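Here is the structure we will look at, set down as structure tokens.
There are 2 protein chains.
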Amino acid sequence: MKSKPSAGRVPIRVVQYGMGPIGQACARVLLGKARTGHALLVGALDISPALVGQRVGSLLGDTSDVIITSDAEETLALCKPNVVLHTTGSFLGRVKDQILRCVRAGAHVISSTEELTFPYYKYPEISEKIDAVAKDYGVVVMGTGVNPGYAMDTLALAATGVSTSAQRIEVDRIVDASLRRKPLQRKVGAGLSPGEFYARRDRGEFGHIGLRESLRIVAAGLGWVLDEIEEALEPILASRTLATEYFTVEPGHTAGIHQTAIGRCGGTERIRLTLKMYLGAEDPVDRVRIFGTPPIDMVVKGGIFGDTATVGSLVNAIPRVMEAPPGLHTMITLPVPRAFGV
Amino acid sequence: MKSKPSAGRVPIRVVQYGMGPIGQACARVLLGKARTGHALLVGALDISPALVGQRVGSLLGDTSDVIITSDAEETLALCKPNVVLHTTGSFLGRVKDQILRCVRAGAHVISSTEELTFPYYKYPEISEKIDAVAKDYGVVVMGTGVNPGYAMDTLALAATGVSTSAQRIEVDRIVDASLRRKPLQRKVGAGLSPGEFYARRDRGEFGHIGLRESLRIVAAGLGWVLDEIEEALEPILASRTLATEYFTVEPGHTAGIHQTAIGRCGGTERIRLTLKMYLGAEDPVDRVRIFGTPPIDMVVKGGIFGDTATVGSLVNAIPRVMEAPPGLHTMITLPVPRAFGV
Numbered sequence: 150m151k152s153k154p155s156a157g158r159v160p161i162r163v164v165q166y167g168m169g170p171i172g173q174a175c176a177r178v179l180l181g182k183a184r185t186g187h188a189l190l191v192g193a194l195d196i197s198p199a200l201v202g203q204r205v206g207s208l209l210g211d212t213s214d215v216i217i218t219s220d221a222e223e224t225l226a227l228c229k230p231n232v233v234l235h236t237t238g239s240f241l242g243r244v245k246d247q248i249l250r251c252v253r254a255g256a257h258v259i260s261s262t263e264e265l266t267f268p269y270y271k272y273p274e275i276s277e278k279i280d281a282v283a284k285d286y287g288v289v290v291m292g293t294g295v296n297p298g299y300a301m302d303t304l305a306l307a308a309t310g311v312s313t314s315a316q317r318i319e320v321d322r323i324v325d326a327s328l329r330r331k332p333l334q335r336k337v338g339a340g341l342s343p344g345e346f347y348a349r350r351d352r353g354e355f356g357h358i359g360l361r362e363s364l365r366i367v368a369a370g371l372g373w374v375l376d377e378i379e380e381a382l383e384p385i386l387a388s389r390t391l392a393t394e395y396f397t398v399e400p401g402h403t404a405g406i407h408q409t410a411i412g413r414c415g416g417t418e419r420i421r422l423t424l425k426m427y428l429g430a431e432d433p434v435d436r437v438r439i440f441g442t443p444p445i446d447m448v449v450k451g452g453i454f455g456d457t458a459t460v461g462s463l464v465n466a467i468p469r470v471m472e473a474p475p476g477l478h479t480m481i482t483l484p485v486p487r488a489f490g491v
Numbered sequence: 150m151k152s153k154p155s156a157g158r159v160p161i162r163v164v165q166y167g168m169g170p171i172g173q174a175c176a177r178v179l180l181g182k183a184r185t186g187h188a189l190l191v192g193a194l195d196i197s198p199a200l201v202g203q204r205v206g207s208l209l210g211d212t213s214d215v216i217i218t219s220d221a222e223e224t225l226a227l228c229k230p231n232v233v234l235h236t237t238g239s240f241l242g243r244v245k246d247q248i249l250r251c252v253r254a255g256a257h258v259i260s261s262t263e264e265l266t267f268p269y270y271k272y273p274e275i276s277e278k279i280d281a282v283a284k285d286y287g288v289v290v291m292g293t294g295v296n297p298g299y300a301m302d303t304l305a306l307a308a309t310g311v312s313t314s315a316q317r318i319e320v321d322r323i324v325d326a327s328l329r330r331k332p333l334q335r336k337v338g339a340g341l342s343p344g345e346f347y348a349r350r351d352r353g354e355f356g357h358i359g360l361r362e363s364l365r366i367v368a369a370g371l372g373w374v375l376d377e378i379e380e381a382l383e384p385i386l387a388s389r390t391l392a393t394e395y396f397t398v399e400p401g402h403t404a405g406i407h408q409t410a411i412g413r414c415g416g417t418e419r420i421r422l423t424l425k426m427y428l429g430a431e432d433p434v435d436r437v438r439i440f441g442t443p444p445i446d447m448v449v450k451g452g453i454f455g456d457t458a459t460v461g462s463l464v465n466a467i468p469r470v471m472e473a474p475p476g477l478h479t480m481i482t483l484p485v486p487r488a489f490g491v
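Just so you know, the sequences run in chain order Z and F. For the first sequence, this note's numbering gives the first residue as 150, with consecutive numbering after it. For the second sequence, this note's numbering gives the first residue as 150, with consecutive numbering after it.
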């Protein structure tokens, strides 16, 4: 639905970097924004041989003639994007060169890299480097998504917007993983025996990435200095056979994860984040409770559907990075999040 | 509760301009922030003979030696505040000179003036003037509060933060006015006969100020150009005798207001704000529904308690105006709202 005449609007030129499930969903939304003149998909990057050379239009059932390419440097130079939506991985160490490449091509970068949503603690040097190079090139770099980036941090902060005091914050997110994409179902350990779950957990191989970043975002937003962070990851076991498009889980095997992150100041618990993502979750919800004045109990009924919301969070950041001062940003340094081009 | 050592922190110097119920509540919160080193109340202004000359400390049961004065120019010059919290009235035309006086004293201004929360349509010239003078003096001016400023606009926008599409937004706020301050109970017409209610309504004498501003904030945040705005104000009549500290309402007389504002684009309804403030409201709530992708149904259980929240909204804007570029701002040009000094 158009709400503004698109005549005269110069669409924002966007390259989609990473054409996995989330990248494709971003591209689809961007093609929709092209119809209202808000944004224009000018390039698409991936390294998968199954994707390179394909027309985005034929992949997504659209008329777009953009061809998926694998040479980022060349594509960025040719396409001259204002913004790159970057969706290639969770770990900042592995994707930082991709991000810097976009910056050096003069493009703002909005990335789904979970570790980039608040990178200052885990990656102080990379953070400094990205900030410096972004300032050199006059662009903004930021990480966002639904979680981390929104449901368990930015929205929780927004819920404190009228608090005159806040002793403690609790955020709960319960997700029915059976409706989500395959990589997410794998990420929550669907189908593993408890033994396999713990073995993989102890090797650091899975679990949700970003709970610690959410904790950092909330703390930074409130000026709280956490001197203790405690994290836990346990399986949620199936009580009956669960079947999705991708996995079958026998009773007693892993349906998903129960992950918590707690932040303390001076021994006192101040932030508790609880994430349950499992197949067959019966009461999906997002909930933020502020124990303070006034007390706040905010619920998003049914929860925020993650795959769509991640895409929304990335795309909606586009106009906000265009107007922000150059450098490395986070969700708390940008104006209040809201839909773009709807 | 302290979360950061206050050693080394330079408190933000604040003058409270207007010492009515909201101003006094702001002053009380500021005195609390002084204990953690976040802010320092350095002056207090009012014109009421009952207040001028009083110590803020004796008024609020605190040790503060700040004396309430009536000469704004002199007090601002002596106190050199970084920020003025301005709570003297709802109508921009009547308070603009007060605001400009603060700006010319080099202070950022955060005002509860409802019409300042989005002044561009009703007061284009005053808006331009304030923006220009604020830029000249290198300070920020903004209007905020709980409503307008948060519950029915900024929070609703934040709820669209992950939307990839949004056809329509509905915001409901139901407030039990019996728990609120006397001026608010008067504002909702408590105790009036239906005839008196309609007569006063038709003379434009009362009703909640700011629903139109909230509509404008939501529309501007989403880039929607409203070509039609419809407002309505009706009484909610008491079905039984209602008594508060200040008013007694006979059955059939006015318990409060039912006010709506609808914004349309091209004949299609896109935003509907519904505010019910009445004595004895049984299910106070704030609710935001986004009809789009993903659909969002967000509820603040029990509603956001207004008097406290207005104070929170004003005080919490302090660090955000300190870091924003000079000029006239609104809640959508500042970073995501969150608690300050908690």
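Think of the CB as a built atom: it goes at the ideal place given N, C-alpha and C, for glycine as much as any other residue. Remember, it's a predicted structure, so these values are computed and weren't measured experimentally.
Whole-number beta carbon distance between residue j and residue i, since they are thought to touch under 8 Å
i                     : j                     : result
residue 463 (chain F) : residue 403 (chain F) : Their Cβ separation, rounded to whole angstroms, is 29 Å, which puts residue 463 (chain F) and residue 403 (chain F) out of contact at 8 Å.
residue 237 (chain F) : residue 247 (chain F) : 6 Å
residue 192 (chain Z) : residue 215 (chain Z) : 6 Å
residue 481 (chain F) : residue 306 (chain F) : 7 Å
residue 188 (chain Z) : residue 182 (chain Z) : 4 Å
residue 399 (chain F) : residue 393 (chain F) : Incorrect: roughly 13 Å between the Cβ atoms, too far for contact.
residue 406 (chain Z) : residue 357 (chain Z) : 7 Å
residue 368 (chain F) : residue 420 (chain F) : 6 Å
Close Cβ partners of residue i (< 7 Å) along its chain, the five nearest in sequence each way excluded
i                     : result
residue 469 (chain F) : 483, 484
residue 226 (chain F) : 254
residue 224 (chain F) : 164, 192, 194, 218
residue 422 (chain F) : 301, 320, 360, 363, 364, 409, 410
The ligand FAD heavy atom lying under 8 Å from the CB of residue i
i                     : result
residue 299 (chain F) : With respect to small molecules bound, the structure shown includes none, and the ligand FAD cannot be examined in it.
Residue i - DSSP class collapsed to helix/strand/coil
i                     : result
residue 319 (chain Z) : strand
residue 203 (chain Z) : coil
residue 471 (chain F) : helix
residue 217 (chain Z) : strand
residue 330 (chain Z) : coil
residue 491 (chain F) : coil
residue 463 (chain Z) : helix
residue 446 (chain Z) : strand
residue 224 (chain Z) : helix
residue 341 (chain F) : coil
residue 300 (chain Z) : coil
residue 347 (chain F) : helix
residue 352 (chain F) : coil
residue 269 (chain Z) : coil
residue 309 (chain Z) : coil
residue 285 (chain Z) : helix
residue 237 (chain Z) : coil
residue 212 (chain F) : coil
residue 430 (chain F) : coil
Sheet register partners of residue i (DSSP bridge)
i                     : result
residue 291 (chain Z) : Z:259, Z:478
residue 484 (chain F) : Z:484
residue 441 (chain Z) : Z:315
residue 162 (chain F) : F:189
residue 194 (chain Z) : Z:166, Z:218
residue 435 (chain F) : F:322, F:449
residue 232 (chain Z) : Z:163, Z:257
Same chain only: Cβ atoms within 6 Å of residue i, ignoring 5 sequence neighbours per side
i                     : result
residue 172 (chain F) : 165, 236
residue 265 (chain Z) : 241, 292
residue 437 (chain Z) : 305, 308, 320, 447
residue 325 (chain F) : 430, 433
residue 380 (chain Z) : 410
residue 396 (chain Z) : 334, 339, 340
residue 287 (chain F) : 475
residue 168 (chain F) : 193, 195, 200, 217
residue 179 (chain Z) : 163, 188, 190
Neighbourhood of residue i by C-beta, 8 Å cutoff - its chain only, sequence neighbours within 5 removed
i                     : result
residue 451 (chain Z) : 433, 434
is_contact[residue i, chain C] using C-beta, thresh 9 Å
i                     : result
residue 465 (chain Z) : Among the protein chains in the structure shown, which are Z and F, there is no chain C.
- request: Run through the segment 357-428 of chain F for me and flag every whole beta strand (DSSP E) of 3 or more residues, listed as ranges in chain order.
  value: You should have 377-386, 403-414, 417-427.
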